[in-house]
Each structure stands twice: as C-alpha cells, then as structure tokens.
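Colleague:
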Amino acid sequence: MALYSLAMLASAAALLAPPTRTKHSTQLQAVWSNANAIKDYHNMLSGVVNERLDDGPGVVLGLDGDAFADAYAKLAPGTPDLRINFGDAPPETIKGSDEEGDLNEYPIYVICMSPDASSSLEYALDAIPEDKKEDLVFLQRGDMIEPTLKKRGLARERQTQAVLYYGLNEFGKIEDDRCSIGEDAMGQQKFAAESCVTGKWAGAVADRCRRAGFFCAEFFHRDWRRQMIEAVVFESTYNLVGAVHKHVPVSEVHEFFGGEVDDMLYEIQRGLRGHLAVTLLSGFEERMAAYAAAQKRSKTDNRLSSCSGSSPYRNAFFYAISTDALAREFPDPSPTHTEYWEFARENGLLAD
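Going left to right, the sequence shown walks through residues -22 to -1, 1 to 330 as mature numbering (1 follows the signal peptide of the UniProt record, and there is no 0) numbers them.
1) If distances are taken between C-alpha atoms only, which option among P55, A54, D66 comes closest to L41?
2) Kindly indicate which residue of F169, G177, W179 has the alpha-carbon position closest to the one of A267.
3) Could you pull out every residue in the same chain whose Cβ sits closer than 7 Å to the Cβ of F235, ignoring the five residues on either side in sequence?
4) Spatial neighbours of V88 within its chain, please: CB distance less than 6 Å, with the 5 preceding and 5 following residues excluded, ordered by chain position.
5) Out of curiosity, what's the CA-to-CA distance linking F212 and E320?
6) Pull up the distance between the alpha-carbon of S286 and that of G79, whole angstroms please.
7) Could you give the C-beta distance for V226 and A270, rounded to a whole number, given that I count them as a contact under 8 Å?
8) Beta carbon of C157, beta carbon of A171: below 8 Å?
9) Along the chain, where does the beta strand (DSSP E) containing D241 start, and where does it finish?
10) Counting only runs that start and end within the stretch 157 to 238, where is the alpha helix (DSSP H) found for 4 or more residues in a row?
11) Where do the N-terminal and C-terminal ends of the alpha helix (DSSP H) with E153 fall, by residue?
12) Under 8 Å by Cβ, that's how I've got L53 and A180 pegged, so tell me the actual separation to the nearest angstrom.
13) Are the C-beta atoms of M266 and some chain D residue less than 8 Å apart?
14) Less than 8 Å between C-beta atoms, sequence neighbours within five positions excluded: which residues of the same chain meet that for D241?
15) What is the C-beta distance between P35 and G74, in whole angstroms, given that I count them as a contact (C-beta under 8 Å)?
16) Within this structure, are the beta carbons of V256 and R306 separated by less than 8 Å?
17) Quick check: what's the CA-CA separation for R323 versus A294?
18) Report the option in G237, N325, A163, A49 whose CA atom is closest to the CA atom of R186.
19) Compute the Euclidean distance between the alpha carbons of M122 and V210, then round it to the nearest angstrom.
20) For L31, which option in S214, E264, Y84, N147 has the closest C-alpha, if you only look at C-alpha atoms?
21) Under the rule that 16 or more other beta-carbon atoms within 10 Å means buried, what is D104, buried or exposed?
22) Give the DSSP bridge partners of D80, in chain order.
23) With distances taken from CA atoms, which of N82, V183, S92, P69 is nearest G43?
Put into structure tokens, the structure is as follows:
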C-alpha cells in the first residue's frame, strides 16, 4: 500500500506544471564583436597599410583660453598652427609651404584634454562642415568620447584619435608623463602612460610629438582603443577613490588606498568585456599605479583627485552601465564603483 501511494504521488508530481522561471532581458546592448577590430586584424595579417601623412600646417580647435591647445599649436613645424575656438568653423583652405601653396586638406586638431573640453565637444562639432570631418583629429586624455563620435560617424578606423599622456607644467610647457616601471622577464624596459595615435593623420601627430621630444606610438584602431579605454578607467577610478577620501592627491591614491582602487579596477575590467567587447592589456594595475605616482611633477604641482559630476564621459559612463544592468535585473558589474560614486554624489564630493 505504501509503495502504491508513493507511485501515485510521483505520477501526480509529474503532471504538475514546471516552476515558473523569472525571465531576464538580455538586451544589455552588449557588443560581442567589433567590425573595426576585425578589419584592423585582417589588414595587419595581409600587410595593408594606409598612406602615412607627415606633419605640416594644421588648425588647432579648442576651448577659448585652453592653455594646452595654445601650447600644441606652437609645436607645429615652422609657424604655429591657426588657433580657433569651439564653435568656430575651420577655414576652407590654409597656407601651406611655398611649394604646396594653399591646402584644402589639413588636420584639424580637436583638443579634448579636459572634462570641460569634452563636455563641449557636441557644440564644437556642430560648426564643422561635412567635408572637413574626416580630417578631424581628436586629442584626449581620459574621456570616453567614443559614444559622441559614433553618433556622428566619427569613430571609424580612419578617424584620427590620440591618447596623449601629456600635461602642462607651472611654466605652461608641455611635459610627457611616460615613466619607466622596471624590466620585464626578458630584461626589456616597461613603461606606463605611453601616448599613442591611430587613423588618417596618425603620422602627423606622432611626428609632431616626437619632434618635441615626447613619446607617441602609432597603432591600428583595435590596439589604440584598448589604450584609450585604459586612460578613461584610470581617470575614473583614481579620481573617485581619491575624492571619497577627502580629495587626496592622485599621486597618493595607490600608496594609501591601493586595495580599494584595485578592487574597483578588477570589477570594471570584467564589465568591459561584455559592454565594449574589449579587455585591458595585462599589467594595467601596475601601469596605472606608476602613472598616478608620476602626477607629482613638483612640490607646487601635485594634482588633487577630483571627479566631475556633470561630465558624461568618465564615471557617469560606467555608472550608466551599472544602472542599466540593475534595471534589467542583472547583477551590477561594478558594485564598488557604484557604491563610491553614489557616496560621492550624496556627500557633495564632486567638482560640479
């Protein structure tokens, strides 16, 4: 009888509807492949190399009063480049060498070396004629302007983009932040904060920087993009951890709060794989710590950590990834960053 009852219970259980499972949306706008990366890789394997354009006259476009834009214009060969402000349209032609005459094709250097400049990028792009957009050269140092460029079709592999680890000293002169971090297992020197460029006018940017004594590598878009994202991650994490701890200098963040910043870095690294189809190159923690220490150029120039609350190009970019995941009932990919960012906002620790 007992066996009969057990058999009846088993039969009844088999007839029950399976338990309802919570459905999660998978529309996280994740990108598992990247056409530019694939094209760059094929070009590299087949030896396809675009024509290299050397440095020459150009136009420097920056915020009114941007000291870095003024200094970069002075690095031009011969006379300084024409310097115009965001909102101005570049001229149809500029004066070339005596042999060249007037030039209608020339690089237009868009200076996005600060959160203020990057936040005004849309305004600057509104004034650019369509036929000049392929000659735009975006110089940046830690702002995720890629979504803005993609909206306007300006993030293609031929678009010139550079990550410049340069800063101005107390005399208004450009300095290179590249720093040695010892030797690898093969006895080769390793470096942090290495500037790099990609795209049509990559040769012109690299030539100009090297002529001034600065390091600048030329990369395919796929490799350059990794370097760009590493710079964005550095500015977002080190400045946030430092701001939460009463705005300690960036150079001291890893020394005193290295565990916190490394935890944040590892979480963001995992989230990048699904959202941007990219991973940071190995050793990023060591490079970032060395670059942070190099921010102390002198006793009078030790950059305080500071986060912009209004800029969408740094912490707000990663916070948007987290809030989007949570809204779709997925785990937060970067919970440490979310916790610190919300604390900084609630306690008035942001710059604006």
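Idealized CB from N, CA, C, for every residue including glycine.
Modeller: If we stick to the structure as given:
1) As a first step, residue 41 is located in the sequence shown; it is residue number 63 there, counting from the start. Looking from the CA of L41, the closest CA among P55, A54, D66 belongs to D66.
2) Numbered from 1 along the sequence shown, position 289 holds the residue referred to as residue 267. Nearest Cα to A267 within the set F169, G177, W179: F169.
3) Against the sequence shown, residue 235 aligns to sequence position 257. If we look at F235 and ignore the five residues flanking it on each side, its Cβ neighbours are V219, H223.
4) For the purposes of this step, residue 88 is identified with residue 110 of the sequence shown, where counting begins at 1. Excluding five sequence positions before and after V88, the CB atoms of its chain that fall closer than 6 Å to its own CB belong to L39, L114, F116, given in chain order.
5) Here residue 212 is taken as the residue at index 234 of the sequence shown, counted from 1. Here residue 320 is taken as the residue at index 342 of the sequence shown, counted from 1. Note on geometry: alpha-carbon atoms of F212 and E320 lie some 19 Å from one another.
6) Numbered from 1 along the sequence shown, position 308 holds the residue referred to as residue 286. Numbered from 1 along the sequence shown, position 101 holds the residue referred to as residue 79. For S286 and G79, the distance between alpha carbons rounds to 44 Å.
7) As a working note, residue 226 is residue 248 in the sequence shown. As a working note, residue 270 is residue 292 in the sequence shown. Actually they do not touch by this definition, with Cβ atoms about 11 Å apart.
8) For the purposes of this step, residue 157 is taken as residue 179 along the sequence shown, with counting starting at 1. For the purposes of this step, residue 171 is taken as residue 193 along the sequence shown, with counting starting at 1. If you check the CB distance, C157 and A171 come in under 8 Å.
9) The count along the sequence shown starts at 1 and reaches residue 241 at position 263. Where D241 is concerned, there is no enclosing beta strand (DSSP E), although the alpha helix (DSSP H) it sits in stretches over 228 to 253.
10) The qualifying runs are 180 to 189, 199 to 222.
11) Mapped onto the sequence shown, residue 153 falls at position 175. From DSSP, E153 is part of no alpha helix (DSSP H) but of the beta strand (DSSP E) over 152 to 154.
12) As a first step, residue 53 is located in the sequence shown; it is residue number 75 there, counting from the start. As a first step, residue 180 is located in the sequence shown; it is residue number 202 there, counting from the start. Contact flag wrong, Cβ pair sits at about 16 Å.
13) The structure shown has no chain D; it contains just one protein chain.
14) The residue you call residue 241 lines up with position 263 of the sequence shown. Counting only Cβ-Cβ distances below 8 Å, and skipping sequence neighbours, we find T314.
15) As a working mapping, residue 35 is identified with position 57 in the sequence shown. As a working mapping, residue 74 is identified with position 96 in the sequence shown. Indeed they touch by this definition, with Cβ atoms about 6 Å apart.
16) As a working mapping, residue 256 is identified with position 278 in the sequence shown. As a working mapping, residue 306 is identified with position 328 in the sequence shown. No, Cβ-Cβ distance for V256 and R306 is not below 8 Å.
17) Sequence index remark: in the sequence shown, residue 323 carries index 345 (1-based). Sequence index remark: in the sequence shown, residue 294 carries index 316 (1-based). Those two C-alpha atoms are separated by around 11 Å.
18) Taking the sequence shown and counting its residues from 1, one reaches residue 186 at position 208. With respect to the C-alpha of R186, the residue from G237, N325, A163, A49 having the closest C-alpha is A49.
19) Within the sequence shown, numbered from 1, the residue matching residue 122 stands at position 144. Within the sequence shown, numbered from 1, the residue matching residue 210 stands at position 232. If you take the alpha carbons of M122 and V210, they lie about 6 Å apart.
20) As a working note, residue 31 is residue 53 in the sequence shown. It is Y84.
21) Your numbering for residue 104 matches position 126 in the sequence shown. In this structure D104 is exposed. Its beta-carbon is surrounded by fewer than 16 other beta-carbon atoms within 10 angstroms.
22) Along the sequence shown, one-based indexing puts residue 80 at 102. Partner(s): K73.
23) The residue given as residue 43 occupies position 65 in the sequence shown. Looking at the Cα atoms, S92 is the closest of the given residues.
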